[in-house]
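Line by line, the protein sequences give chains A and B. Numbering-wise, the first sequence is residues 383 to 745 according to my numbering. Numbering-wise, the second sequence is residues 18 to 256 according to my numbering. Glycine residues also receive a C-beta, built at the ideal position from the N, C-alpha and C atoms. All values derive from a computational prediction rather than experimental measurement. What follows is one structure encoded as structure tokens, with my remarks underneath.
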Amino acid sequence: MFKSTGNNFGGPQITFKDYQSEHEIVLNAVFDYDSTNEAYRKARQLEIYVPDLKFSKSAVAGCFFAATYEDGDIGTTVRTWIKNRNTIVIEKLTTWDNYANHRIYICTMYGLRGFRNVQFEQLKPLGISLQQSESIGYPSDQIYYETKDWVFLIFSLGEPNWNVKGKHCFLSSYRDFPEDIDAVLPYVSGMHHNGEPGMNILQIQMKEGQILIPPLPQGMSTGTGWDSMFYAFIVRERDKTSNTPGRSRWDIEALMAEKYSRGSVESIEMSGYPSMISASIISSYYGKGNHTYELEEIPESMLGCEAFLIGSHLTGKCMTLQLAHIKFENLNNKKSFTITASAGGPALTFRTFDTSAAMPTNQ
Amino acid sequence: MLKVTATNFGVNPSDIQIDAYNGGNFIILNGEISVDTSFEGYKSLFTLELTTEELPFTRSLPTAVYATVETDKGNYITITKAYVKDGNTISIRPVRAYDSYGSYKLKFFCAFAAINTAAEPTFQHCDNLVLEPTVGTMTDSECYLMKNDNWMLLVLKTRAVTFDETEGIIKANITTGLPDGQVFFVPIISSDNKSSDNGNLYFQGTIEDGTLTISRNGETDTSTGSSETFTKVFILLNT
Chain A
383 MFKSTGNNFG GPQITFKDYQ SEHEIVLNAV FDYDSTNEAY RKARQLEIYV PDLKFSKSAV
443 AGCFFAATYE DGDIGTTVRT WIKNRNTIVI EKLTTWDNYA NHRIYICTMY GLRGFRNVQF
503 EQLKPLGISL QQSESIGYPS DQIYYETKDW VFLIFSLGEP NWNVKGKHCF LSSYRDFPED
563 IDAVLPYVSG MHHNGEPGMN ILQIQMKEGQ ILIPPLPQGM STGTGWDSMF YAFIVRERDK
623 TSNTPGRSRW DIEALMAEKY SRGSVESIEM SGYPSMISAS IISSYYGKGN HTYELEEIPE
683 SMLGCEAFLI GSHLTGKCMT LQLAHIKFEN LNNKKSFTIT ASAGGPALTF RTFDTSAAMP
743 TNQ
Chain B
18 MLKVTATNFG VNPSDIQIDA YNGGNFIILN GEISVDTSFE GYKSLFTLEL TTEELPFTRS
78 LPTAVYATVE TDKGNYITIT KAYVKDGNTI SIRPVRAYDS YGSYKLKFFC AFAAINTAAE
138 PTFQHCDNLV LEPTVGTMTD SECYLMKNDN WMLLVLKTRA VTFDETEGII KANITTGLPD
198 GQVFFVPIIS SDNKSSDNGN LYFQGTIEDG TLTISRNGET DTSTGSSETF TKVFILLNT
């Protein structure tokens, strides 16, 4: 996280959440400025001055612009880039200068400009299935990437349903979004009823593994066939506390990934005497009631224990329950992790986020 | 007793009775809280928060808290995620699927374990108990009990149960292990409907002096049984 040191458009000091590497910088910030002020009027482009960034020039990226309006904000996307190590530039758009207050949402990845011959690590998208506490629309185009430092999320809820007017809607997923995110973000939805160019830009929040869409604004037009859209790179505020000596934690993604079956363990961690074990597991292995994974990464300290956990099925709203059983063994010098659908359903199609007491195997 | 000093969802702390055992690196909670979904501000809460007096650690791993709701189609149960957020706050995710019912209950039969602690692999023995049905039937039942001085973990599952037609209950003796002189009420989860948006139907289980009784939910409940029943509960013991 860092704060801006100045700007050329009379804006406020801006707090950025950031992830910076040699080739990409992910920034999150939301700020308002007054389009009637003299500095803004004189500026050719909006420049934000910041402490040293990791690199000095980026390719052009995009961020969201909104003119705040009593019936609902109206806006579009604007260009943004890193001009030098201490300057972030945002395109100046005068279309809505008749509205005094402007808001910029930066939820952007800036890529280093002009680099060549760099080895890329190709990320794999993770499955999500958005659940809505109020039915705004039909979720589609759900794309989700997660790293330890940032996430990238795209989705649409189609054309918003006006039955949800005045209601708060929480979006969640069977794969919880990281709980180390607290971000204010834009949700683009529908044309504006006053007939001006641009779209409604609704301010939403991602926090505690959920996304809150507040009541849809009055000014959002309906029946236009314009689908809503969410698109953001979001910085994680990763816990950088160092591991306590003797910590027993297993962080691993895809245990198994086939076309229609996936098993993943987000994390399993064990605490001291008597050993408690907490497991965040997602398993979508249809057609099997148990499965053994042989994996070298399993921490030694977990070997020789088993535990029962309460989980929930991945179907519907993930409400129905499953008794799951996990077991860690070391047989013939092969470390293994076995997961079993113990009661509640016959298949490994559930998630857990439960803590239980670890018991010895083969007692 | 967990000393709750404030909540962010309209429940008066003096109305909250949650028993707690402090195990140092973990705490076990037993009790329930009623959530009024019409409370002003509830609709926009990301988490329900219990502000408490000092907890033994500043952050926990996630755990599952049961949530139950009464509907005209039956009593349903699901789980929701909870964790110790800081040294004075327990954070629980609201069950949005229950919002339209006006109220629901959070039932704590859970353990919160501290995150990022040293873990010596010390696994505690678990007894395998036998259930002998005396009223109604139970098929292929399994019961596991890990018992300490202050708490126990009970896991129960049966492949099928059948209620006695006249008494509307199932009764089973549990051979040895369970403490006498204390009555425990636990949810017995039925797995009839795996795609319900309300969760599972459940029955009240009562454990007293080595006997488990599973009861229908009042006179209107005509359940005959289900394909499977199960539960997993941490229970505090009188010491």
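- Contact between the segment 80-100 of chain B and the segment 146-153 of chain B is not established, with fewer than three Cβ pairs separated by less than 8 Å.
- Close CB contacts of residue 621/A within its chain, under the 7 Å cut and outside five residues either way in sequence, are with 562 (chain order).
- 9 Å or more divides the Cβ of residue 496/A from the Cβ of residue 581/A.
- Residue state for residue 684/A is assigned as helix, using DSSP reduced to three classes.
- Taking 9 Å as the threshold, the shortest C-beta distance from residue 625/A to chain B falls below it.
- Chain B places a beta carbon closer than 9 Å to that of residue 682/A, counting this residue as a contact.
- Between residue 556/A and residue 513/A, the gap from beta carbon to beta carbon is short of 9 Å.
- According to the DSSP secondary-structure assignment, residue 397/A is paired through a beta bridge with 385/A.
- Look at the beta carbons and you see the segment 604-618 of chain A not touching the segment 471-481 of chain A: under three pairs across the two are nearer than 8 Å.
- Closer than 9 Å to the CB of residue 585/A there is not a single CB belonging to chain B.
- In terms of Cβ geometry, residue 154/B and residue 177/B form a close pair [threshold 9 Å].
- With a cutoff of 9 Å on beta-carbon distance, residue 564/A and residue 483/A are scored as not near each other.
- Any Cβ of chain B closer than 9 Å to the Cβ of residue 690/A would place that residue at the interface, and such an atom is present.
- Proximity to residue 58/B across 134/B, 28/B, 129/B peaks at 28/B, based on C-alpha coordinates.
- When Cβ-Cβ separations below 9 Å define contact, residue 695/A makes contact with chain B.
- Ranked by Cα distance from residue 103/B, the first of 132/B, 92/B, 85/B is 132/B.
- In the three-state reduction of the DSSP assignment, residue 461/A falls in the strand class, which pools E and B.
- Close to residue 255/B, with beta-carbon spacing below 9 Å, lies no residue of chain A; the smallest spacing is near 20 Å.
- When secondary structure is reduced to three states using DSSP, residue 709/A falls in the strand class.
- When DSSP states are grouped into helix, strand and coil, residue 545/A belongs to the helix group.
- For residue 61/B, the secondary structure class from DSSP, reduced to helix, strand or coil, is helix.
- Contact check for residue 42/B against residue 393/A fails: the beta carbons are separated by 9 Å or more.
- Under DSSP, residue 414/A shares a beta bridge with 485/A.
- The DSSP-derived three-state label of residue 631/A is strand.
- Per DSSP, the continuous alpha helix (DSSP H) segment holding residue 422/A begins and ends at 420-424.
- Within chain B, 137, 139 have C-beta atoms less than 7 Å from the C-beta of residue 655/A, given in sequence order.
- Contacts between residue 699/A and chain B, judged by CB atoms closer than 8 Å, involve 114, 214 in chain order.
- Within the segment 229-253 of chain B, the residues whose Cβ lies closer than 7 Å to some Cβ of chain A are 245, 247, 249, listed in chain order.
- Within the same chain, 118, 215 come within 7 Å of residue 88/B by CB-CB distance, once the 5 residues on both sides are set aside.
- For residue 166/B, the secondary structure class from DSSP, reduced to helix, strand or coil, is coil.
- Taking a C-beta cut-off of 9 Å against chain A, the contacting residues of the segment 69-96 of chain B are 76, 77, 78, 79, 80, 81, 83, 93, 94, 95, 96, listed in chain order.
- Rounded to whole angstroms, the separation of the alpha carbons of residue 711/A and residue 686/A is 5 Å.
- Secondary structure note for residue 80/B: its beta strand (DSSP E) is the uninterrupted segment 80-88.
- Ranked by Cα distance from residue 649/A, the options 734/A, 548/A, 399/A are led by 734/A.
- For residue 673/A, the enclosing beta strand (DSSP E) begins and ends at 672-676.
- Using a C-beta cut-off of 8 Å, the segment 711-721 of chain A makes no contact with the segment 22-36 of chain B, since fewer than three inter-stretch Cβ pairs fall below that distance.
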